[in-house]
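Residues 1 to 1452 in UniProt numbering are what the sequence shown spells out, letter by letter.
C-beta: ideal position from N, C-alpha, C; glycine also.
The structure appears below as structure tokens.
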Amino acid sequence: MNESHEAGKNSSTNVEEREEEVLRLARQFTEQSSYSTAGQTPFAAEAGSALDPNGERFNARAWCKAMLQMHIGDKEAHPLRTLGVAFSNLNVHGFGSDTDYQKSVGNVWLKTLSLARIAFGQKQRKVDILQNLEGLVEAGEMLVVLGPPGSGCSTFLKTIAGETYGFHVDKNSNINFQGIAKQMAHEFRGEAIYTAEVDVHFPKLTVGDTLYFAARARTPRHIPGGVNATQYAGHMRDVIMAMFGISHTKNTIVGNDFIRGVSGGERKRVSIAEACLSNAPLQCWDNSTRGLDSANAIEFCKTLRMQADINGTTACVSLYQAPQAAYDYFDKVLVLYEGREIYFGPTSMAKHYFLQMGFVCPDRQTDADFLTSMTSHLERVVQPGYEDRVPRTPDEFAARWKASPQRAQLMQHIKSYNAKFALDGEYLDKFKQSRRAQQAKAQRVSSPYTLSYVQQVKLCLWRGYQRLKADPSVTISSLFGNTIISLVIASIFYNLKADTSTFFQRGALLFFAVLMNALGCGLEMLTLYAQRGIIEKHSRYALYHPSAEAFSSMIMDLPYKILNAITSNIVLYFMTNLRRAPGAFFFFVFTSFILTLTMSMFFRSMASLSRSLVQVLPFSAVLLLGLSMYTGFAIPTGYMLGWARWIAYINPISYGFESLMINEFHNRDFPCMDYVPSGPGYTDVGLNNRVCSTVRSVPGQAFVNGNAYIESAYSYTASHKWRNIGVIFAYMFLLGAVYLVATDFITEKKPKGEILVFPRGHKALKKGKSDEDLEGGGGRSATVEKIGSDGLAMIERQTAIFQWKDVCFDIKIGKENCRILDHVDGWVKPGILTALMGVSGAGKTTLLDVLATRTTMGIISGEMLVDGQPRDESFQRKTGYAQQQDLHLSTATVREALEFSALLRQSAHVPRQEKIDYVTEVIKLLDMTEYADAVIGVPGEGLNVEQRKRLTIGVELAARPQLLLFLDEPTSGLDSQTSWAILDLLDKLKKNGQAILCTIHQPSAMLFQRFDRLLFLQAGGRTVYFGEIGQNSQILIDYFVRNGAPPCPPDANPAEWMLDVIGAAPGSHTSINWFETWRRSPEYARVQEHLAELKHERRHQTNLFRTTSGQKREDKDSYREFAAPFWAQLYQVQVRVFQQIWRSPTYINSKTALCVLSALFVGFSLFHTPNTIQGLQNQMFGIFMLLTLFGQLIQQIMPHFVAQRALYEVRDRPAKTYSWKAFLIANIVVELPWNSLMSVLMFLCWYYPIGLYRNAEPTDAVHLRGTQMWLMIWTFLLFSSTFAHFMIAAFDAAENAGNLGNLLFLLCLLFCGVLATPDQLPRFWIFMYRVSPFTYLVSGMLSVGISNTNVTCADNEYLRFDPVNGTCGEYMGSYMSNLGGYLADEMATANCSFCPIKETNVFLGRVSSSYSDIWRNFGLMWVFIVFNIFAACSLYWWVRVPRDKKPVAKAE
């Protein structure tokens, strides 16, 4: 080990000595630089020098030394901070159990009883996670934490970093961060960080922008070297990318599991680089080498070592597969066994500690694997004669450690450390001063953030702009959609006449304009939930306040909102002939704009106050209903019930609507267009004996005053116009403040931990794990149980040989073609285990995808044959492909997942019972019996990592693949023992004749030796070697040594050595072109010869078999795309989807709450509405407002469907498990019974409170009309669900589908005949009235609800005038006989009170509705429903079903 490492191992316990050591090392390193960097600063390095991160000769160590030297030489630079940690009596516990029961619609109410018992004092079960941990990690030291999954490694790292959500640190635990204790969690958050195993990034942001942002967020106030903050952040980004070998991905988007971006290994390095840029003096890394090859895993540890040596950084790292070279970089090791500490001390002494205890370390086993094996009775090897002397249980191991001299020495060191660094002492002040010197001047001293709040907002604004550039589709579609809606509305109300005939239309237009502006930003909620996890991670890193991102997003949306307000409202205002006055126009645009901002704050605050979308959706729907209904138009103020009047007072939209109505009607006189009485016999009647037919008209006047009209009809007062604007501004600022504060303090819902979940009523076979660990999910198995030969015999024996030659894969990036695979050759034979290896990004997964026919883009060329014949369409289902991502249906049990695969992917002629029995054998083979009936859950909640990986492999085995098995990173993220168990399994399969091609990262020498052949790729998808590995890898080693590689040391891992040899490890170089060396080698020539022989022999044998067997015709079942017939597929998929919905109580509860609460709200807001003229209109709007649920109903379905579709398209479709038709139909059908139930609930909660049943009483058809109303509500819900599938079928994002859905929904509402009757519509739009499904819904529901009964006018609805002579009855008789209506007193001789409508059928006629059309309307709704289903299937097939991609015969 070099001098710097030794310095790290013997770091002084004294901080002053430590700082002197850093200075000495900096001077020493400057003198000993391997490249001349004299006179250069990192920011002004010569191109191509060791300090240039964009040059090939970049040297990370030389750069670090130069950077440190420059920092120390700058007197204004902040002092370097270091941070060690000592802990003793560390106990961590949680509350819960090692198993739980799955929630379903049928038992979710039991959870309420459990919560009630807890509320009334029943104590929860305490579960210990960590017990009596002790340790000391000084500044500049590295600690590796070892233990199997579930031992408490993650909990320990989270505790050290201060992330204790979900568990509790005992109050008697002692943690001393070098003199700092309680301040670490808040004031110094970001100085100790925890990097989780999962990679969370903005998927559409490039790698370069992602890392630049992280660097800029932690840029110090004063930067040595005379560069500005932008140059500093850009340079740091380039350096960290060069350190981790991802410079080539600078302009590539990060991506995620569903959006294609950088490779999985590269994404992991992006996560590592982002955390490194935080410059935290104490860093906790949780299995951060997962998905990295050995070279990059070692390079990661080497970089941490360098930071520790030069900058004094302290690193605590958990590793599940630690190469020996990586382990050697660490100073100390902590070994955990089910939450107990069984060793803490120097890495160099750990192995000896257990050897002297009586254990044996097998040859070629790394120290880390040996130490981890101590936690498994199946793995640890005991020396002969020590069987009764070694500890066996976790408690015995912990007791042995407690009694050891090593532990006594550790406690002495901890005592000395605590004495030197007393809590809240001198070092705390120094740490604060250093932190303050780094912070911006405008930042608070006690803040954990480096930049000031304004700087954080500016930086988040920059990122928001980059994100908008990367994916502008949602913004553009919203702008386009709103403009289209404005044009449509304007054309409906085109050029309104300035007279009394347009009073209702003007109100309806302003009502819709207000709602369009106010509610158009509702989809912002979806975006906020999607990015919440990323923002919370950055907050934990102390990059910025979540509220800074929230504030920047508000600003970022302003240009769009301003542009939208201008374009939409200009069109709307002038086309409809609203008040033509400059002041009125600008007031209209201004009010609409501030309403948009206010309601944006409302939606954002709703999202930030809740912890998940499912929680907020039903309540937001009711709130939206309240906001819409209590605007003042649907229910005028005078008709609002006393108990609900307050809703209008707290409704910002109602203030906006009142101001706009005042703006339109104030101080205007509208000429009267229709008088009562009029017509034949009344032509000579004077103004004093007739009156305008509009509310608040005055006899003798030929006009109606606008002020009087809005005062009478809506109770609006002109003086409220500007007062209301002030109220809206107050709401805007109040809701904005709530949004910002809630964003900082309310976090998203976290998983409850990896505990096994069983269906209620199922009894677990045995305890899945020790009670002492919340982390572990129900046990782990270190090796595969021995099974009898009968079990193995059922595994499908394979005979086919798969071969490929000159396989190339090209994709287009921008305008350039990029070759990912370059003339790759090889084969896979039964009984042979072939490893596919290479650096991250070499094309390993791409090669598997190409060979398995799973690519949907790019150009494939080359030859791929099965037994000498081209692959047919049944190839995909005849192969097993265990993906790197463990993607499973979260609500299914392990057994159900396996049975689903077996029933649909095994040949159709195999009996069902045989398939079920085969699944049982697979469960035994994979050692999953203990949790076979456990629910899979989501990552972090349910099965643990190992169990998921076994299930992934099991799903493919259950399909009984006839050809071969592909496995992509089956050991990624697993500890060494579990990886060994997986290889045990693969070895069993191999011996039973399975053909296996497997990519693998970080194999130990022992693991690597278990493979028979190796296909080794270098960057660019070029073959470096394909052939046998040999005993002790000798054949492989001989090949490389013979072609110029240095000899492989006896104790080296050949898998790591060969990466160094070809220059694949970061920082390694080679002058040999290994691709060309391979192409010129005799081994390559033999491969080509063998491929030709295989092609000829296997093709001949296949043809001979077909001839001699008398097979005149191919067995069609064998060559079908899917194993199971369509109806079998549909049945199995339908059963699974029904199970999934039943086991998703949050979804069903959310749907129920949405339907029931909304129906109750509308029903009781219009409780027993009287049959006045306005009352009839209110009842019509009661139907109209019920239909506005449509938007929320489809928003509920879309995200749910997108998740199911992602699983199908990533896993089930490529495996040819079932067809897209079965998937789509099953997802549509599953909504039918639930929508039927919801329709009953909605009917009961809406129909009776409004009192529509009373209108049926005079007709003696109460039951019939009630049934008809329920049928119409039922078809409404069925239409909603099928329309949601129609919309989302083609779109990737629910937001885009939601925008289009909202556009069409608004069109349906506009043209349904409520806001504008068919007579008022321009002739051009009559076709829209006829094609709108809501036309027939409203017509049917309204006619059923109010037909064939009488109307009684309210007092303000009577028209009053004096007769010419005689009684009122005599005067109005002719008019009433022709046009209807009635008089309050026909015998009156003065002041006649006339009601214009006598029967409800007259009102229905005005909106073109008739009860006689009810069954026609019902039938037409079914036409729309069937059309939605057909359109959904057609769109999905057209847009998302991949077309057959035939490979080019020969590569160019």
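Beta-carbon spacing of residue i, residue j below 7 Å
{"i": "Val704", "j": "Ser693", "result": "no"}
{"i": "Gly679", "j": "Leu687", "result": "no"}
{"i": "Thr375", "j": "Tyr337", "result": "yes"}
{"i": "Ile633", "j": "Phe504", "result": "Correcting the residue type first, residue 633 is Phe in the shown sequence and not Ile. Their beta carbons are not under 7 Å apart, which means Phe633 does not touch Phe504 by this criterion."}
{"i": "Ala959", "j": "Arg905", "result": "yes"}
{"i": "Glu899", "j": "Val919", "result": "yes"}
{"i": "Gln283", "j": "Ile193", "result": "yes"}
{"i": "Thr1259", "j": "Asn1348", "result": "yes"}
{"i": "Asn1391", "j": "Arg1360", "result": "yes"}
{"i": "Ser840", "j": "Glu56", "result": "no"}
Candidates the options, of which the one nearest residue i by Cα
{"i": "Asn482", "options": "Phe87, Ser907, Tyr453 and Leu515", "result": "Leu515"}
{"i": "Ser491", "options": "His1200, Met575 and Glu134", "result": "Met575"}
{"i": "Gly681", "options": "Met1372, Val1439, Leu133 and Ala1432", "result": "Met1372"}
{"i": "Ala581", "options": "Lys561, Val1426 and Glu664", "result": "Glu664"}
{"i": "Ser1165", "options": "Met640, Tyr714 and Gly726", "result": "Met640"}
{"i": "Ala408", "options": "Glu134, Ala161 and Lys302", "result": "Glu134"}
Sequence-distant residues of the same chain with beta carbon closer than 7 Å to residue i, five excluded per side
{"i": "Ile1225", "result": "Leu1130"}
{"i": "Glu1114", "result": "In this predicted model, Glu1114 has a pLDDT of only 45, less than 50, meaning its place in the structure is not dependable enough to derive any value."}
{"i": "Phe1223", "result": "Val1133 and Tyr1208"}
{"i": "Cys1308", "result": "Ser1332, Pro1333 and Phe1334"}
{"i": "Arg506", "result": "Leu496 and Glu664"}
Residues that DSSP places opposite residue i in a beta bridge
{"i": "His168", "result": "His93"}
{"i": "Leu1017", "result": "Gly838 and Thr1023"}
{"i": "Gly135", "result": "Phe87"}
{"i": "residue 1455", "result": "A question about residue 1455 goes unanswered here, because the residues of the chain that appear run from 1 up to 1452."}
{"i": "Trp285", "result": "Thr195 and Val317"}
{"i": "Ile813", "result": "Glu816"}
{"i": "Asp669", "result": "Asn705"}
{"i": "Thr799", "result": "Its beta-bridge partners do not exist; DSSP assigns none."}
{"i": "Leu130", "result": "Val92"}
{"i": "Val227", "result": "BP columns for Val227 are empty, so no partner."}
Local Cβ density within 10 Å of residue i, reported as buried at 16 or more and exposed below that
{"i": "Pro149", "result": "buried"}
{"i": "Ser416", "result": "exposed"}
{"i": "His352", "result": "exposed"}
{"i": "Ser1434", "result": "exposed"}
{"i": "Leu519", "result": "buried"}
{"i": "Val1441", "result": "exposed"}
{"i": "Cys316", "result": "buried"}
{"i": "Gln102", "result": "buried"}
{"i": "Leu1264", "result": "exposed"}
{"i": "Arg1443", "result": "exposed"}
{"i": "Asn1053", "result": "buried"}
Own chain residues within Cβ distance below 8 Å of residue i, not counting five before or after
{"i": "Ser486", "result": "Met516, Thr567, Ser568, Asn569, Val571 and Leu572"}
{"i": "Phe1138", "result": "Val1230"}
{"i": "Ala26", "result": "Note that Ala26 has pLDDT 46, beneath the 50 cutoff, so the model's placement of it is unreliable and the number below is only indicative. Hits under 8 Å: Lys65, Leu68, Gln69, Ile72 and Ile310."}
Proximal residues to residue i (C-beta, below 6 Å), its chain only, five neighbours per side dropped
{"i": "Val616", "result": "Met606 and Ser610"}
{"i": "Asn1235", "result": "Leu1277, Leu1278 and Ser1281"}
{"i": "Gly1341", "result": "Position check: residue 1341 holds Met in this sequence, whereas Gly was assumed. Once the five neighbours on either side are set aside, the close Cβ partners of Met1341 are Ile1183 and Met1272."}
Residue i CB to nearest heavy atom of the ligand SAM below 6 Å
{"i": "Asp1051", "result": "In the structure on display, the ligand SAM does not appear, and there are no ligands present to speak of."}
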